[in-house]
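Asks:
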Amino acid sequence: MLGGAALINLALARRAERRHPPEGKFLTIDGVRLHYIERGTGPVVVLLHGNGTMARDFVLSGLFDLLAKDHRVIAFDRPGFGFSERPRWRIWSAEAQAELLHRALINLDARRVVIVGHSWGTLVAIALGLRDQTNAAGLVLLSGYYFPTARVDVALMSWSALPILGDILRYTLSPFLGRLMAPMIHRKLFAPSAVTSRFAREFPVELAVRPSQIRASAAETALMIPAAASMVPRYPELSMPVTIMAGEGDRIVDFNRQSGRLNAELEGSTLRKMPGVGHMIHHTDPDRVAAIIRDIAGKPLAHVADGIPEQRRPA
2 MLGGAALINL ALARRAERRH PPEGKFLTID GVRLHYIERG TGPVVVLLHG
52 NGTMARDFVL SGLFDLLAKD HRVIAFDRPG FGFSERPRWR IWSAEAQAEL
102 LHRALINLDA RRVVIVGHSW GTLVAIALGL RDQTNAAGLV LLSGYYFPTA
152 RVDVALMSWS ALPILGDILR YTLSPFLGRL MAPMIHRKLF APSAVTSRFA
202 REFPVELAVR PSQIRASAAE TALMIPAAAS MVPRYPELSM PVTIMAGEGD
252 RIVDFNRQSG RLNAELEGST LRKMPGVGHM IHHTDPDRVA AIIRDIAGKP
302 LAHVADGIPE QRRPA
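Residue 2 is where the sequence shown starts when you use the numbering used here, and the numbers rise one by one after that.
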């Protein structure tokens with residue numbers, strides 16, 4: 002029975018890849034094949050997605066196309082997500098991913114980049130900024146998790162990352178559970194806002210529940226608390242402009258304990274609080290998120306940014 006389930010899930014994964022083929026390009030860095038989507042010209046903006054999703058999330062939100070009008074935008078599938086590889090011989094910490102992406106940006110001749118991270122991707126964005134501060138024009142951190150806390154979801158969602166047992170689960174039971182739970186998870190991600198119609202219609206759930214991506218998601222869930230803990234001592238090293246943006250109603254990451262605390266501890270950072278908005282702020286209000294990114298990249302759109310409460314610490 003397990004063998005039959007594994008064959009079915011493998012066939013479904015291959016079908017999902019045929020129905021949702023890569024829309025970007027590939028490059029190989031240190032033996033790791035990375036997929037990225039790139040469009041536009043101008044100041045460079047790098048987009049790093051959260052756990053369980055892929056670069057296409059930024060396209061579906063509308064944020065990618067808004068920025069590509071006057072920026073060179075590069076959205077990576079982080080290792081193990083979308084169409085990027087995640088070799089098992091390495092623990093893919095935020096620092097390890099940042100090292101890989103740093104080399105990818107050198108390969109792409111991307112200079113003075115604004116680095117944008119969402120959710121788990123904020124830790125990679127910070128690590129990437131710290132990796133080469135001379136090349137980081139600024140950081141925009143969306144709905145991030147920055148300080149270790151006790152989390153029930155870590156205990157519940159990490160099993161598929163375990164050797165042997167995890168392999169069995171991700172090829173048999175986990176994809177079926179992922180399909181069943183997807184609507185509920187998406188509602189929680191967007192709450193208190195509604196799931197946007199484009200996300201509900203176009204997000205490729207079948208790509209997200211492939212055994213390979215389930216392993217990456219479970220591994221990042223298991224790494225989340227230690228990843229934040231390892232980054233905390235390095236926050237004072239950040240020397241570039243940092244804008245922290247989050248929804249006050251976020252039900253995945255507590256606003257005050259995470260974004261509010263990071264703003265309090267960083268000198269010169271700016272906090273943008275979005276009342277009544279949840280974790281997926283780039284979907285709920287992509288125009289305002291784009292305005293913040295443009296502002297830090299040197300192309301302000303004040304008429305769009307107006308109305309977002311701002312809290313700034315003195316430099």
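Note that beta-carbon positions come from the ideal geometry of N, C-alpha and C, so glycine has one too.
Short check: CB of I297 to CB of T222, under 8 Å?
Replies: It is not a contact, given that the beta carbons lie outside the stated cut-off.
Asks: For M241 and A95, which I take to be in contact (beta-carbon distance under 8 Å), what is that distance rounded to the nearest angstrom?
Replies: Between A95 and M241 the Cβ distance is about 17 Å, and since that is not below 8 Å, they are no contact.
Asks: If you draw a straight line from the C-alpha of I169 to the C-alpha of F148, how long is it?
Replies: Taking the straight line from one Cα to the other gives about 32 Å.
Asks: Please check the pair R1 and A69, which I expect to be a contact at CB under 8 Å, by giving their CB distance rounded to whole angstroms.
Replies: In this structure the chain extends from 2 to 316, so residue 1 is not present and cannot be described.
Asks: Go ahead and pull the three-state DSSP assignment for K274.
Replies: Three-state DSSP puts K274 in a strand.
Asks: Step through the CB atoms of chain C and report whether any lies within less than 8 Å of the CB of L28.
Replies: Considering every chain present, this structure includes no chain C. It has just one protein chain.
Asks: Could you tell me which uninterrupted alpha helix (DSSP H) segments, each at least 4 residues in length, are contained entirely in the region 176 to 215, listed from first to last along the chain?
Replies: Listed in chain order, they are 198 to 203, 206 to 209.
Asks: Using 8 Å as the threshold, is the C-beta distance between S218 and N52 below it?
Replies: Going by C-beta atoms, S218 is nearer than 8 Å to N52.
Asks: Quick one: which unbroken alpha helix (DSSP H) runs of 4-plus residues sit fully inside the region 5 to 29? Chain order, please.
Replies: Those alpha helix (DSSP H) runs which fall completely within the region 5 to 29 and span 4+ residues do not exist here.
Asks: Let me check one thing: in DSSP terms, what residues is T150 bridge-paired to?
Replies: Bridge partners of T150: none, in fact.
Asks: In this structure, what does DSSP give as the bridge partners for L142?
Replies: G118, I245.
Asks: Just confirm the distance between the C-beta atoms of V125 and V46, as a whole number of angstroms; I'd bet it's less than 8 Å.
Replies: Not a contact, Cβ separation roughly 15 Å.
Asks: If you check the beta carbons only, do P205 and G63 fall under 8 Å apart?
Replies: Not closer than 8 Å, so no.
Asks: To which residues of the same chain is E352 closer than 6 Å at the C-beta, ignoring the five residues directly before and after it?
Replies: No information on residue 352 is available, as it lies outside the stretch 2 to 316 that the chain covers here.
Asks: Looking only at its chain, what residues have a beta carbon closer than 7 Å to the beta carbon of K26, apart from the 5 residues adjacent to it on each side?
Replies: Same-chain partners within the cutoff: Y37, E39.
Asks: Quick check: what's the CA-CA separation for V74 versus F65?
Replies: Rounded to the nearest angstrom, the two C-alpha atoms are 7 Å apart.
Asks: With burial defined as no fewer than 16 other Cβ atoms inside 10 Å of the residue's Cβ, what is the status of I165: buried or exposed?
Replies: Looking at its Cβ environment, which holds fewer than 16 other Cβ atoms inside 10 Å, I165 is exposed.
Asks: Report buried or exposed for D78, applying the criterion of at least 16 other Cβ atoms within 10 angstroms of its Cβ.
Replies: With 16 or more Cβ atoms within 10 Å of its Cβ, D78 is classed as buried.
Asks: CA-CA distance, A12 and R19?
Replies: Using only the alpha carbons, I get a separation of about 11 Å.
Asks: So what does DSSP say about A229, is it helix, strand or coil?
Replies: Three-state result, A229: helix.
Asks: In whole angstroms, give me the CA-to-CA distance for N264 and A183.
Replies: One C-alpha to the other measures close to 32 Å.
Asks: Going straight from the alpha carbon of M275 to that of A151, what length do you get?
Replies: If I take the Cα positions, the gap works out to 25 Å.
Asks: CB-CB under 8 Å to P315, same chain, minus the five flanking residues each way: which ones, in chain order?
Replies: Residue placement at P315 is flagged as unreliable, the pLDDT there being 43, under the threshold of 50; the coordinate-derived value follows with that caveat. Taken in chain order, the residues that qualify are E268, G269.
Asks: Taking the alpha carbon of D133 as the point to measure from, which residue in A99, T54, H283 has its own alpha carbon closest?
Replies: Minimum Cα distance to D133 is reached at A99.
Asks: Rank R216, R113, R87 by C-alpha distance to the C-alpha of G43 and give the top, closest one.
Replies: Taking only the C-alpha atoms, the option nearest G43 is R113.
Asks: Applying the 10 Å Cβ sphere with the 16-neighbour rule, what's the burial state of A138?
Replies: Flag for A138 reads buried.
Asks: Taking only runs of the beta strand (DSSP E) that begin and end inside the region 68 to 104, which ones reach a length of at least 3 residues, in chain order?
Replies: Runs of the beta strand (DSSP E) inside the region 68 to 104: 73 to 77.
Asks: Looking at C-alpha atoms only, which residue of W93, H119, R89, R87 is the closest neighbour of A76?
Replies: For A76, the nearest C-alpha among the options comes from H119.
Asks: For the alpha helix (DSSP H) containing E324, name the first residue and the last one.
Replies: Missing from the structure shown is residue 324; the chain here goes from 2 to 316 and no further.
Asks: Where does L263 fall in DSSP's three states?
Replies: Helix, per DSSP.
Asks: Would you decide whether R258 is buried or exposed? Buried here means 16 or more other CB atoms lie within 10 Å of its CB.
Replies: That one is exposed.
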